[in-house]
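Engineer: Have a look at this one before I ask anything.
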Amino acid sequence: MRSVPPASHGAQAVGPCSAPRSSPARSLSPSPPPDGRASEWSALLEQVRACDDYVALRTLARRSDELVRAAGAPPGSVARRVALLVGGEARFLEAPLRVALRAAGIEPQLYRAPFGPLAAELLDPDSGLAAFRPDLCVVLPTLASIGAWPDPGDTPEGAAAAAEQACRDLLEPAAAFRARAGCDVVLGTIPPPSVRPLGNLGAKRAGDPVRFVQRLNLELGDRAPEGVHLVDVAALAAARGTRDWVDLKYWYHAKQPVRFEHVPALVREVSAVAGACFGRARKALVLDLDGTLWGGLVGEDGPGGLRLGEGTPDGEAFKAFQQYVRALRERGVVLAACSKNDPEVARRAFAEHPEMVLGLDDFASFRAGWENKSEVIAAIAAELDLGLDALVFLDDSPLEREEVRSLLPQVAVPELPPDAADYPRALERGRYFEAVSLSDEDRRRTETYRARHAARELEASAGDVASFLRDLRMRGRFRPFAPVDLERVVQLTNKTNQFNLTTRRTTRAEVEARAADPRWFTRTLRLADRLTDHGLVVVVQGLVEGDVLTLDGWLMSCRVLRRGVEAFVLNEVVRDARSLGVRELRATWEATKRNGMVADLGPRLGMQVVAEGPGRAEWSLDLDTFESLETPIEREPGA
Amino acid sequence: MTTDADTELWARLGAVFEDVFEQEVELSRETTAADVEGWDSVRNVELLVALEREFGVRFTTGDIATLSDVGGLVDAIRARAG
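For the record, the sequence lines run as chains A and B.
Quick note: to get this note's numbering, add 7 to the position in the first sequence (first position is 1).
Quick note: to get this note's numbering, add 471 to the position in the second sequence (first position is 1).
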């Protein structure tokens with residue numbers, strides 16, 4: 008049996024991270040309207056995302072450069088140093104990549120490596136690349152980057168050894184650079200050659216150049232280490248036509264790595280992966296129901312009258328789309344429903360239609376009603392504790408799309424074609440949900456969101472907060488960074504905005520280095536209660552110098568706010584710090600647009616204010632006199 | 472002494488240059504890359520591809536290797552257009 012969805016009508020059930028509960032709908036409605044600059048940026052970047060024409064993209068790139076000079080970077084973007092290495096002339100990709108990164112939420116400072124061997128640039132500690140100190144290094148090899156090819160008559164073993172060698176020649180310099188520079192690498196696979204001396208016989212000859220490059224790409228996927236992410240250029244080239252990927256004439260003439268016509272798609276692909284590296288990918292998919300998940304109107308046709316599943320061609324298409332959406336959910340995309348329908352009627356479609364693939368419990372938020380969709384979507388974002396820029400909204404109605412686009416420009420609203428058979432591709436085209444890794448937390452996300460909702464309902468009924476929290480029977484495990492935690496630690500440092508004292512983002516390499524460095528105090532908290540396992544929700548990092556521990560950062564996932572976790576964490580920090588001989592704890596709050604909720608964290612927990620200025624506060628705690636704070640969380644021994 | 476076909480060719484050429492360089496470019500047979508701001512190797516390939524599209528021709532690798540001024544371009548377009 009499917010569990011009952013949260014009873015929700017319109018803008019109710021505001022999340023704990025958002026505005027006060029008294030006037031939820033008002034405080035979340037999409038006013039104030041975006042200012043002129045913001046809407047100019049949003050219109051321009053929307054054109055960039057939709058642009059498939061090289062000349063048009065180049066014009067947009069120039070206009071966006073001008074806008075940066077005149078008005079600054081797009082609002083909400085993050086500034087990052089990005090290096091570009093190409094197995095050809097990188098200048099052909101530089102300006103398009105810059106504007107595509109902008110459209111993916113990254114304001115790049117770009118370094119373009121001179122044309123030359125990729126390995127030399129990556130390995131040379133005195134290269135321009137090393138001096139640039141990038142946050143991310145994009146490496147796009149070409150056929151020219153492959154040093155040794157097998158002989159067409161090679162044995163399978165010989166060809167396999169050659170592919171492994173070619174794979175190592177690419178991965179080892181990338182991994183070495185990552186280890187030295189502490190920055191992640193995005194590495195392209197290589198489109199195979201467009202000619203084939205063996206003809207179709209090549210398909211069964213291990214030494215065939217096409218097969219060799221295919222094998223090399225598979226090896227890259229199998230062997231790419233932590234922090235080296237792939238962008239599947241070969242798959243893109245195959246989809247667009249490998250034979251015409253490169254115009255050899257212009258390769259010979261100017262080392263043009265790819266035809267102009269493919270450049271927009273290529274830089275969009277690279278930017279999507281880069282965005283995922285910096286936590287810019289979207290997290291939730293908000294779905295209309297009638298006409299989007301099934302054919303027909305449930306309010307008029309009834310659950311039995313819907314076109315869904317075997318029997319009608321478009322019914323099959325809708326079913327396939329639901330299967331696609333379900334696969335998204337299983338990989339960690341949060342689903343929400345937003346439908347203009349009677350709530351009971353909308354639910355009945357899920358309960359009664361025999362071929363419904365999605366269940367009500369696949370949705371972390373289910374809202375049917377008659378309010379404007381822009382208002383409902385704002386409320387969904389609040390309920391899920393997600394920014395509007397984490398949402399994608401899918402609706403078959405052009406009118407609804409337009410309303411949401413104009414009132415909530417941060418929400419991605421892809422065009423939906425008239426045919427449900429084309430829905431999966433239309434959604435995929437925007438590359439909204441790119442990920443560089445999948446953690447267990449990702450896969451469990453919908454479950455976690457639903458449990459939070461249940462907890463909130465419990466809170467509403469439990470009367471006083473203290474007994475509610477006791478009733479949750481929370482258990483916390485506080486321990487140093489362990490290898491299994493690192494992926495989630497990096498993820499949290501890059502995406503947590505609200506409960507975050509310093510908002511210092513970290514790379515995997517930095518986190519690894521700190522975990523191994525005895526001077527660094529690194530801790531995580533895993534929290535579970537009787538409703539759910541919240542997973543890793545707190546990261547604390549700091550430097551121990553003498554008898555002082557100075558926190559470099561303290562952040563907490565929004566999903567466990569208002570549960571007394573802060574007090575528990577402070578108790579644990581003090582306990583562990585004392586065992587290291589620490590007598591004073593120092594912490595700093597550095598203001599961002601979104602971390603106001605922790606501006607007074609120190610004093611709230613009994614720390615002394617040492618310094619206070621606009622946008623900054625410093626606190627200190629004397630461990631000799633500190634007495635443990637009350638907390639409803641039970642301590643589990645660290646592993 | 473120019474023919475109508477010449478006039479038309481130079482007009483279309485001018486339009487392509489304007490598209491590629493995003494400004495009007497004064498052209499003669501003697502114009503070279505040094506005379507036009509922004510005419511670097513990337514722009515050069517953009518220009519050649521745009522000319523191929525506009526005139527429905529395919530330059531050869533050999534054509535490109537020997538091009539040195541706009542006059543050479545015009546000759547190559549005429550030769551490849553047959």
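Cβ atoms here follow ideal geometry from the backbone N, Cα and C, with glycine treated the same way.
Keep in mind the model is a prediction, meaning the values are calculated, not measured.
Less than 8 Å between CB atoms is the rule here; does Phe122 (chain A) satisfy it with respect to chain B?
Structural biologist: no
Engineer: May I ask you to report which of helix, strand or coil DSSP gives Ser278 (chain A)?
Structural biologist: Helix.
Engineer: Counting only Cβ pairs nearer than 7 Å, list the residues of chain B close to Gln263 (chain A).
Structural biologist: Val516
Engineer: Which residues in chain A sit within 8 Å of Ser512 (chain B), going by Cβ to Cβ distance?
Structural biologist: Glu96, Arg98, Ala261
Engineer: By Cβ distance below 7 Å, which residues in the same chain neighbour Leu630 (chain A) in space, the five residues on each side in sequence not counted?
Structural biologist: Val581, Ala584, Arg585, Val589, Arg590, Glu591, Leu592
Engineer: Val265 (chain A) and Trp252 (chain A): beta carbons closer than 8 Å?
Structural biologist: yes
Engineer: Which residue from A:Leu335, A:Lys380, A:Gly322, A:Leu313 puts its Cα closest to that of Ser346 (chain A)?
Structural biologist: A:Lys380
Engineer: Which parts of the segment 143-207 of chain A are runs of the alpha helix (DSSP H), unbroken and 4 residues or longer, counting only runs that do not cross its ends?
Structural biologist: Within the segment 143-207 of chain A, the alpha helix (DSSP H) runs of at least 4 residues that lie entirely inside it are, in chain order, 163-188.
Engineer: Under the assumption that Arg495 (chain A) contacts Leu543 (chain A) (Cβ atoms under 8 Å), give the Cβ distance between them as a whole number of angstroms.
Structural biologist: About 5 Å separates the two Cβ atoms, so the contact holds.
Engineer: Write down the C-beta distance between Thr539 (chain A) and Thr455 (chain A) rounded to the nearest angstrom, noting that I regard them as a contact closer than 8 Å.
Structural biologist: 6 Å
Engineer: I'd like to check one pair, Glu390 (chain A) with Ser372 (chain A): are the Cβ atoms closer than 8 Å?
Structural biologist: yes
Engineer: What residues from chain A crowd round Ile535 (chain B), counting only those whose CB sits closer than 7 Å?
Structural biologist: Lys256, His260
Engineer: If the criterion is Cβ atoms closer than 8 Å, does the pair Phe575 (chain A) and Gly549 (chain A) meet it?
Structural biologist: No.
Engineer: Going residue by residue through the segment 565-623 of chain A, where are the continuous alpha helix (DSSP H) segments of at least 4 residues, counting only ones entirely within it?
Structural biologist: 572-586, 608-611
Engineer: Is the separation between the beta-carbon of Ala90 (chain A) and that of Val145 (chain A) shorter than 8 Å?
Structural biologist: Against a cut-off of 8 Å, the Cβ pair of Val145 (chain A) and Ala90 (chain A) comes out as a contact.
Engineer: Nearest-angstrom Cα distance between Thr180 (chain A) and Arg247 (chain A)?
Structural biologist: Residue 180 (chain A) is actually Pro in this sequence, not Thr. Their backbone Cα atoms lie some 29 Å apart in a straight line.
Engineer: Can you tell me whether Asp426 (chain A) is buried or exposed? The criterion is at least 16 other CB atoms within 10 Å of its CB, across all chains shown.
Structural biologist: exposed
Engineer: Would you list the one or two residues that DSSP bridges to Cys345 (chain A)?
Structural biologist: Cys345 (chain A) pairs with A:Arg374.
Engineer: Give the interface partners of Asp490 (chain B) over in chain A, defined as CB-CB distance under 8 Å, in chain order.
Structural biologist: What Asp490 (chain B) touches in chain A, judged by beta-carbon distance under 8 Å, is Val62, going in chain order.
Engineer: Between which two residues does the beta strand (DSSP E) containing Thr528 (chain A) stretch?
Structural biologist: A quick correction: the sequence has Phe, not Thr, at residue 528 (chain A). Its beta strand (DSSP E) spans residues 527-535.
Engineer: Tell me the rounded alpha-carbon separation between Met481 (chain A) and Val491 (chain A).
Structural biologist: 22 Å
Engineer: If the cut-off is 7 Å on Cβ atoms, which residues from the segment 264-286 of chain A count as contacting chain B, listed in chain order?
Structural biologist: Answer in chain order: Phe267.
Engineer: Is Val399 (chain A) helix, strand or coil by DSSP?
Structural biologist: strand
Engineer: Can you tell me whether Ser134 (chain A) is helix, strand or coil according to DSSP?
Structural biologist: coil
Engineer: So, at 7 Å on beta carbons, what are the nonlocal neighbours of Gly509 (chain B) in its own chain, with the 5 sequence-adjacent residues on each side left out?
Structural biologist: Excluding residues within five positions, the ones whose Cβ falls inside 7 Å are Phe492.
Engineer: What are the partner residues of Trp626 (chain A), as DSSP defines its beta bridges?
Structural biologist: A:Ala594, A:Val616.
Engineer: DSSP three-state label for Phe357 (chain A), please.
Structural biologist: helix
Engineer: Please state whether DSSP places Leu508 (chain A) in a helix, a strand or coil.
Structural biologist: coil
Engineer: Whole angstroms is fine: what's the gap from Gly303 (chain A)'s alpha carbon to Ala353 (chain A)'s?
Structural biologist: 12 Å
Engineer: With distances taken Cα to Cα, identify the nearest neighbour of Asp158 (chain A) among A:Arg530, A:Ala168, A:Ala151.
Structural biologist: Ranking the options by Cα distance to Asp158 (chain A), first place goes to A:Ala168.
Engineer: Does the distance from the CB of Ala521 (chain B) to the CB of Val487 (chain B) come in under 8 Å?
Structural biologist: yes
Engineer: Residues bridged to Gly483 (chain A) by DSSP?
Structural biologist: A:Leu534, A:Arg642
Engineer: For Glu362 (chain A) and Leu315 (chain A), which I take to be in contact (beta-carbon distance under 8 Å), what is that distance rounded to the nearest angstrom?
Structural biologist: 5 Å
Engineer: Report the rounded CA-to-CA distance for Gly437 (chain A) versus Pro421 (chain A), giving the unit in angstroms.
Structural biologist: 7 Å
Engineer: CA-CA distance, Pro31 (chain A) and Arg374 (chain A)?
Structural biologist: Low confidence applies here, because Pro31 (chain A) scores a pLDDT of 36, under 50, leaving its location unreliable; read the following figure in that light. Spanning the two alpha carbons is a distance of roughly 15 Å.
Engineer: Do Leu129 (chain A) and Leu136 (chain A) have their C-beta atoms within less than 8 Å of each other?
Structural biologist: Contact flag set, yes.
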